[in-house]
Structure formats: structure tokens, C-alpha cells
Amino acid sequence: AQSVTQLDSQVPVFEEAPVELRCNYSSSVSVYLFWYVQYPNQGLQLLLKYLSGSTLVKGINGFEAEFNKSQTSFHLRKPSVHISDTAEYFCAANSGGYQKVTFGIGTKLQVIP
Amino acid sequence: DTGVSQNPRHKITKRGQNVTFRCDPISEHNRLYWYRQTLGQGPEFLTYFQNEAQLEKSRLLSDRFSAERPKGSFSTLEIQRTEQGDSAMYLCASSKNQGGSETQYFGPGTRLLVL
Chain A
1 AQSVTQLDSQ VPVFEEAPVE LRCNYSSSVS VYLFWYVQYP NQGLQLLLKY LSGSTLVKGI
61 NGFEAEFNKS QTSFHLRKPS VHISDTAEYF CAANSGGYQK VTFGIGTKLQ VIP
Chain B
1001 DTGVSQNPRH KITKRGQNVT FRCDPISEHN RLYWYRQTLG QGPEFLTYFQ NEAQLEKSRL
1061 LSDRFSAERP KGSFSTLEIQ RTEQGDSAMY LCASSKNQGG SETQYFGPGT RLLVL
């Protein structure tokens, strides 16, 4: 069974500092990877996705992620965070042809002014 | 805005009552999913439809839960005889079948509190 591990439950970071949110996945077949953001009392918004091709994926709001097959990782990064980035971030994965998406437990990003 | 919509956004009910939630997917999307998210956890898959056919159900979906998508458009999720453990955010998502590389788009969720 596929699993997604988010190693940090909470990440505090000062405004304008860089941030990396870590995600590792396990899969024996080809995998599609996603990062979603959830603001308080709202649903999930897609930040970016890796389906194939270039391993560096750029998303909305200045975020990017790098797919690393050898390390089975898909870490999310932003060079300079804003207060408005305070939210919970979920890494997710599904295997090609299998529709269930497996989510990690989420990482709460707290941007400190 | 033509995103996924869910109603109601919030529901408070007493234990033992039945509740029904509605999801309206993005209009051209033929796949629809239900997830449950409890506090401090990521969303967990409950079930999914392709058009009107319910193709997969999670073991999380007990006999008290039933989902329908009668005309392949909107879907309803009903919980009978609610229990306090049913308190959670219920998320709906939709996608368009593109041969394995599709993306699921989520609605705002329905937050259920069972007293």
C-alpha cells in the first residue's frame, strides 16, 4: 500500500526567510505527486503537481518542489515566505491508473512577522 | 466561479440523527470523490464515482454511510444514526479522466459536529 510521510508536523519560520517542507513517499510503481494547501476552515487548494518530465516543478504563490526518485522525496520549497503563507500543507500521491489519493498528515507552516 | 461546491458548509447534529451532504463537481468532470478529514490528519479516501457508478469504497465507509451520484453530476453523502466519532470535515473532489494523469480539485468541505 502506498504511504506518504510528512516528517514535520509544524514548521515555524520568520517572514522573508526560506522554507522547505519535507515529504517522502513509498510506491513500487509510477507515482504522481501533489502538494495542496489548506487555509483555516477551507478546502484544499492545489499548489503544484508532478506527473512526469522535469523533476523541478513550479507552482502557485512562488512555491516549487523537486521530485527525487532515488530518495523517494518530493520536498516543497519557497525562497521567501509571507505572512499569508501561514496554512497547512499536505503532500499527496497516487499511482497511475489507481484513483485513490493518499495524503500525508500535513505540515503546519507558521510564518512569524 | 465554477469550482467544486459543497453544501452545507457546517452541520451540527445530535447523536442518532441522519445527515446528508451535497457535492456539485466541476461540470465537465466525470469522476467524483469523497474524503474525510479529522483533526490533525490528512484527508482519508472514502469512495469514488465514475459518472454514476460507484467504483470503490473504503473500509472506512461503514454501513451507516451511503453515497450516490444518480445522474452522474452532483453527489450526496448520507450518514445514518450519526455517532460522535463521525465528527469531521467531509471533502468532495472531482477530476476529469485523462488516462492516469488527472488532478483532483477539492471543494470547501462540510464540517460536521455530532453532539
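As given, the protein sequences belong to chains A and B, one line each in that order. For the first sequence, the positions run 1 to 113 when this note's numbering is used. For the second sequence, the positions run 1001 to 1115 when this note's numbering is used. Built from N, CA and C at the ideal position, the CB exists for glycine as well.
Under a three-way DSSP split, which group does N61(A) fall into?
Residue state, collapsed to three classes: helix.
Taking Cβ-Cβ distances shorter than 9 Å, what residues in chain A pair up with T1103(B)?
Y32, F34, L46, K49, L51
Check the Cβ-Cβ distances between G43(A) and every residue of chain B, and say whether any is below 8 Å.
yes
Does S3(A) come out as helix, strand or coil in the three-state DSSP assignment?
Here S3(A) sits in strand by DSSP.
Report the three-state DSSP secondary structure of I83(A) (helix, strand or coil).
helix
Quick check on Q71(A): does DSSP put it in helix, strand or coil?
coil
Continuous beta strand (DSSP E) stretch holding E1044(B): start and end:
1044 to 1050
Short-range partners of chain A found in the segment 1014 to 1038 of chain B, where Cβ spacing is below 9 Å:
R1031, Y1033, Y1035, Q1037
Residues that DSSP places opposite P12(A) in a beta bridge:
According to DSSP, which records beta bridges pairwise, P12(A) is partnered with Q110(A).
What does DSSP give as the partner residues of F1106(B) in its beta bridges?
A1093(B).
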